[in-house]
Amino acid sequence: MRLDVVTIFPEYLEPLNVSLVGKARARGQLNVHVHDLRDWTYDRHNTVDDTPYGGGPGMVMKTEPWADALDSVLADGYETGSRAP
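Last residue of the sequence shown: number 67 in my numbering, and the count goes up by one each step with no gaps.
See below:
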C-alpha cells in the first residue's frame, strides 16, 4: 500500500519510522512518501498561506501550492483503479 502525505512540517512525521508504521515499512507492506508543500511554492520565502480576502483575523492556505502538489503526487503514484482522496 502506498501512502502520500503532503505537509508543511515533514519532520513531524519522522517518528513513523519507529512505530508500527515503521515495521510495516520495513516489511515492505507500506510505502510512505512524505512531501513538503513548500516544494511547490514559487516565492523566495516559500509562502503557503496568506491573509483572508476582505481582511479579518487568521490566515488561509493558498490553493496554488496545494493544486501543484496534488497534481504532482497523483501523477507520480496514482494507479488506475485505486482510490484517491
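All residues carry an ideal CB built from backbone N, CA and C; glycine is no exception.
Counterpart residues of residue i in DSSP-defined beta bridges
| i | result |
| --- | --- |
| Leu(-15) | Val14 |
| Met43 | Asp31 |
Burial state of residue i (16 or more Cβ within 10 Å)
| i | result |
| --- | --- |
| Val30 | buried |
| Leu19 | buried |
| Ala51 | buried |
| Pro47 | buried |
| Asp(-14) | buried |
For residue i, the three-state DSSP class (helix, strand or coil)
| i | result |
| --- | --- |
| Trp48 | helix |
**Study point:** Length at least 4, wholly inside the segment -13 to 31: the alpha helix (DSSP H) runs in chain order
**Key:** If we require 4 residues or more, the alpha helix (DSSP H) runs fully inside the segment -13 to 31 come out as 2 to 8.
Point to revise | Sufficient close CB pairs (3 or more, under 8 angstroms) joining the segment 33 to 49 to the segment 1 to 18 | key: No, they do not touch.
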